[in-house]
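**Q** For reference, the structure I am asking about is given below.
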Amino acid sequence: MSDNIDTKIEQEREQARAVCDLEGANSADCAAAWDVVEELQADKSHKQQSAPKKNSLELYCDSTPEAPECRVYDD
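Using the numbering used here, the first residue of the sequence shown is number 2, and each one after it goes up by one.
Have a look at this one:
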């Protein structure tokens, strides 16, 4: 997912540069194009912040699932 939003941000950034070169840096279209880029960057940031963080045990068990501390028993 991150690659997809990064690609979209880069595409919109290129579009904004093109619009600003054509319309001028002080044009409304230029400002609107950069607003789109900022919105995408904010969306990416919010999604990254809302991702659950793993604690040290979870990180350890991801790398060494065979460790006794990481075993899961069914009742």
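For glycine and all other residues, C-beta sits at the position ideal for the given N, C-alpha and C. Quick caveat, the model's predicted, so the values are computed rather than measured.
Is it true that the CB of Ala34 sits closer than 7 Å to the CB of Ser17?
**A** Note on residue identity: the sequence assigns Ala, not Ser, to residue 17. Yes, Cβ-Cβ distance for Ala17 and Ala34 is below 7 Å.
**Q** Could you give the uninterrupted runs of the alpha helix (DSSP H) lying entirely in the stretch 31-68, keeping only those of 4 residues or more?
**A** You should have 57-64.
**Q** Our contact map puts Val37 next to Glu70 with C-beta atoms below 8 Å; I'd like the distance itself, whole angstroms only.
**A** So it is not a contact: roughly 47 Å between Cβ atoms.
**Q** What does the alpha-carbon distance come out to for the pair Leu60 and Lys54?
**A** So the two alpha carbons sit approximately 10 Å from each other.
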